[in-house]
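Those protein sequences? They're chains Z and Y, same order as listed. So the mapping is simple: this note's numbering equals the position in the first sequence, first residue as 1, plus 1411. So the mapping is simple: this note's numbering equals the position in the second sequence, first residue as 1, plus 1411. Below is one structure, written out as structure tokens, with a few remarks after it.
Protein chains: 2
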Amino acid sequence: MAPGVKALLFDVFGTVVDWRSSLIADFTAWGKAKGIDVDWVPLVDAWRGAYMPSMDEVRKHPENGFVILDTLQRQSVEPLAAKLGITGLTPADFDYLTSGWHRLDPWPDSVSGLTRLKTKFMISPLSNGNVALLANMAKRAGLPWDLVLSAEVFGHYKPDREAYLGAARILGHQPHEVMLVAAHNNDLAAAQSFGLKTAFIPRPTEYGPLQKRDFGPEGKWDYVAKDLNDLAAQFGC
Amino acid sequence: MAPGVKALLFDVFGTVVDWRSSLIADFTAWGKAKGIDVDWVPLVDAWRGAYMPSMDEVRKHPENGFVILDTLQRQSVEPLAAKLGITGLTPADFDYLTSGWHRLDPWPDSVSGLTRLKTKFMISPLSNGNVALLANMAKRAGLPWDLVLSAEVFGHYKPDREAYLGAARILGHQPHEVMLVAAHNNDLAAAQSFGLKTAFIPRPTEYGPLQKRDFGPEGKWDYVAKDLNDLAAQFGC
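Spelled out as structure tokens, the structure:
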């Protein structure tokens, strides 16, 4: 099964963890404890929306060096809150909200599926989240990574080629010996264009009622599975 | 216990794994199976001796970029074998010998000690071994790292400051929130000079009969323990 594939790389936000429900629940509980009466849903959705443009800025200005996701998220949340009329938050409050991205819960199949896949493959995230974010998330959620790879290690955000090919290289493998597992067709398309193998799993509730795409595979992916346990079963794990 | 320390970084060769006994046993069994009658002890000892000078060459020639340890080991083993009168090995044989550094066995206390330490701290190697070497080693030996940090990630070998400070930075911590655990006083001295906390554990048989130093602590280290289980006990893990 999956002949020649030695390592599985996983997109994380949306593929392994349910960022939207996690952030809404975390912020709601925190706001309640602090007496802050805010509907956090619009902020969470707008914040995720700011994610791609903020990485594009990093890409456009290499002279500034690579800026990690924690920093981008911290920079974008304050103006977004103001725009949404959320007032009275302190810098420490914004720091807390930003650290919420380290406290995301896995989908129900993630820990069991990864644990099974780990028996036959080297498993690692390949995420735009920074290393500390991914390591803190894994420790809290029990994600059993063999190692933690991140855009930060390669100084390039996905879908830049350096992220995918850097991951294969640092693992000592050829691109075709490495497979990206993701719930996003565009991430898989990039990986495939650079020679990696691909596996799609749908996460149709990732964006809640706002979800507009990625309900199913939209490319010739090497594998399509219902979830990570189904992928493990397809690989005989 | 260890107040303020959030992450433990571990030297690996000698501190966590017994490279000398492992390589000698691996090569002896392999040689026997292949009908190669060689005493591997001198090669293993000479190879380890070539380790520091080969990293110095990388340091002296930054224009060549960072060269990973697998490559340095592969480059040094062939002339060393010739010098020791070991003949008849093919390039594939030298590749096999080089990959031996991925197959090192842990000291008896390493897996249990790390597993205990992991309950209270983020744990990671901070080794001059490259990422693939460390990840393959961990998977085979059952080393339960939370993540895998390596000189390769920072483009600098220990004892360069970039390795120690890079590890603290990528974990999102201040240097004093990170502790290096090592069996080598010089590694700890470097870490301490850059503001990290330090813990020494002796590995008096690391170099076999050739061991000349590191029988005990030679600096004002924050902690001294008999082994990793003793360190875990000191930290209340």
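Cβ coordinates follow ideal geometry from the N, Cα and C atoms, glycine included.
C-alpha gap between Asp1571 (chain Z) and Asp1571 (chain Y), whole angstroms:
30 Å
So, does the CB of Met1466 (chain Z) fall closer than 8 Å to a CB anywhere in chain Y?
no
Of the listed residues Z:Thr1609, Z:Asp1641 and Z:Thr1616, nearest to Glu1629 (chain Z) (C-alpha basis):
Z:Thr1609 is the residue among Z:Thr1609, Z:Asp1641 and Z:Thr1616 whose C-alpha sits nearest the C-alpha of Glu1629 (chain Z).
What does Lys1631 (chain Z) touch in chain Y if you count any residue whose Cβ is under 8 Å from its own?
Neighbours of Lys1631 (chain Z) on chain Y: none; closest Cβ ~29 Å, over 8 Å.
Is there at least one Cβ from chain Z nearer than 8 Å to Lys1550 (chain Y)'s Cβ?
yes
What distance in whole Å lies between the Cβ atoms of Pro1536 (chain Y) and Val1423 (chain Y), which are believed to be in contact at a cut-off of 8 Å?
5 Å
If we ignore side chains and look at the alpha-carbon of each, how far apart do Pro1357 (chain Z) and Ser1433 (chain Z) end up?
What is shown of chain Z runs 1412 to 1648, which leaves residue 1357 (chain Z) out entirely.
With a 10 Å radius around its C-beta and 16 neighbouring C-beta atoms as the bar for buried, classify Phe1532 (chain Z) as buried or exposed.
buried
If I follow the unbroken beta strand (DSSP E) through Lys1608 (chain Z), where does it start and stop?
Lys1608 to Phe1611
Since Phe1421 (chain Z) is in the beta strand (DSSP E), which residue starts that stretch and which ends it?
Ala1418 to Phe1421
I'd like to check one pair, Ser1561 (chain Z) with Leu1360 (chain Z): are the Cβ atoms closer than 8 Å?
This structure cannot speak to residue 1360 (chain Z), because chain Z is shown only from 1412 to 1648.
Would you call the stretch 1503-1512 of chain Y and the stretch 1433-1443 of chain Y in contact, with 3 or more CB pairs under 8 Å?
yes
Counting contacts by CB-CB distance shorter than 8 Å, is Val1428 (chain Y) in contact with chain Z?
no
Taking C-beta to C-beta, are Leu1639 (chain Y) and Gly1566 (chain Y) nearer than 8 Å?
no
So Ala1418 (chain Z) and Leu1582 (chain Z) are in contact, right, with Cβ under 8 Å, and what is the actual spacing, rounded?
5 Å
Please list, in chain order, the chain Z residues whose beta carbon lies closer than 8 Å to that of Leu1582 (chain Y).
Val1542, Ala1543 and Ala1546
Taking only runs that begin and end inside the stretch 1504-1591 of chain Y, name each unbroken beta strand (DSSP E) of 3 or more residues, in chain order.
1533-1538
Under the three-state reduction of DSSP, which class applies to Phe1477 (chain Y): helix, strand or coil?
coil
Once the 5 residues before and after Asn1597 (chain Z) are set aside, which same chain residues still bring their CB inside 6 Å of it?
none
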